[in-house]
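In the numbering used here, the protein residues as written are 46 to 235.
Cβ coordinates follow ideal geometry from the N, Cα and C atoms, glycine included.
Here's the structure we're looking at; comments come further down.
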């Protein structure tokens with residue numbers, strides 16, 4: 046998606062450890078207009094898959110997931126990283142590595158909001174190694190739901206996440222695909 050790619054070119058910064066800093070418009074400060082455009086594009090790409098819910102991970106996935114869900118007319122469920130007292134005792138829980146924090150993070154969903162028979166579209170900010178998205182897949186599968194598609198704002202294709210997701214047999218879409226970030230230079234897949 047041209048608008049997102051241009052924004053990454055202008056404001057994205059490559060940090061040590063393969064981190065792409067996009068917090069001026071995605072992760073910390075959110076450009077609502079850009080997220081709306083991204084949500085509209087996700088809705089176009091996933092219009093025919095018959096999703097009933099959008100699932101994402103707290104916190105950076107919420108903005109793109111909400112925008113996509115708005116344009117698809119679906120509710121959003123986000124996996125929490127800590128269990129609030131309002132959540133029931135029995136929860137769906139898995140762990141996934143946090144690339145930016147360098148630790149394993151819990152992903153928790155209440156079975157009240159993700160259940161058997163749901164058709165789940167996963168939307169997240171990044172597709173890199175695929176570990177966080179596979180954590181979301183495990184949560185949905187534990188609930189008895191089916192994964193029907195995966196979308197990411199930004200894919201770091203050199204980290205191999207798409208291959209990890211291939212056995213799911215569902216459409217995987219990214220709005221901006223980066224093939225390398227060597228020497229601080231962001232190179233996009235064409």
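Residue i and residue j closer than 8 angstroms at C-beta
| i | j | result |
| --- | --- | --- |
| residue 100 | residue 185 | yes |
| residue 90 | residue 218 | yes |
| residue 141 | residue 108 | no |
| residue 193 | residue 95 | yes |
| residue 160 | residue 189 | yes |
| residue 282 | residue 165 | Outside the displayed span of the chain (46 to 235) sits residue 282, for which this structure offers no information. |
| residue 54 | residue 231 | yes |
| residue 133 | residue 157 | yes |
| residue 210 | residue 178 | yes |
| residue 205 | residue 225 | no |
| residue 5 | residue 49 | Not covered by the structure: residue 5. The range shown for the chain is 46 to 235. |
Closest by C-alpha distance to residue i, when choosing among the options
| i | options | result |
| --- | --- | --- |
| residue 81 | 171, 113, 56 | 113 |
| residue 198 | 208, 213, 172, 211 | 172 |
| residue 229 | 63, 48, 47, 50 | 63 |
| residue 115 | 163, 69, 98 | 98 |
| residue 203 | 157, 134, 163, 227 | 227 |
| residue 46 | 79, 210, 67 | 79 |
| residue 149 | 119, 156, 235, 126 | 126 |
| residue 169 | 124, 156, 205, 133 | 124 |
| residue 201 | 117, 65, 143 | 65 |
| residue 102 | 76, 167, 234 | 167 |
| residue 135 | 180, 122, 187 | 187 |
| residue 143 | 104, 128, 122 | 104 |
Exposure label - residue i; buried when at least 16 CB within 10 Å
| i | result |
| --- | --- |
| residue 130 | exposed |
| residue 71 | buried |
| residue 147 | exposed |
| residue 196 | buried |
| residue 110 | buried |
| residue 152 | buried |
| residue 60 | exposed |
| residue 223 | buried |
| residue 106 | buried |
| residue 162 | exposed |
| residue 93 | exposed |
Identity of the residues DSSP links to residue i by a beta bridge
| i | result |
| --- | --- |
| residue 151 | 140 |
| residue 201 | 223 |
| residue 194 | 166 |
| residue 58 | 66 |
| residue 233 | 223 |
| residue 172 | 200 |
| residue 217 | 195 |
For this session: Note down, one range per segment and in chain order, each alpha helix (DSSP H) of at least 4 residues found wholly within the stretch 95–124.
Result: 107–117
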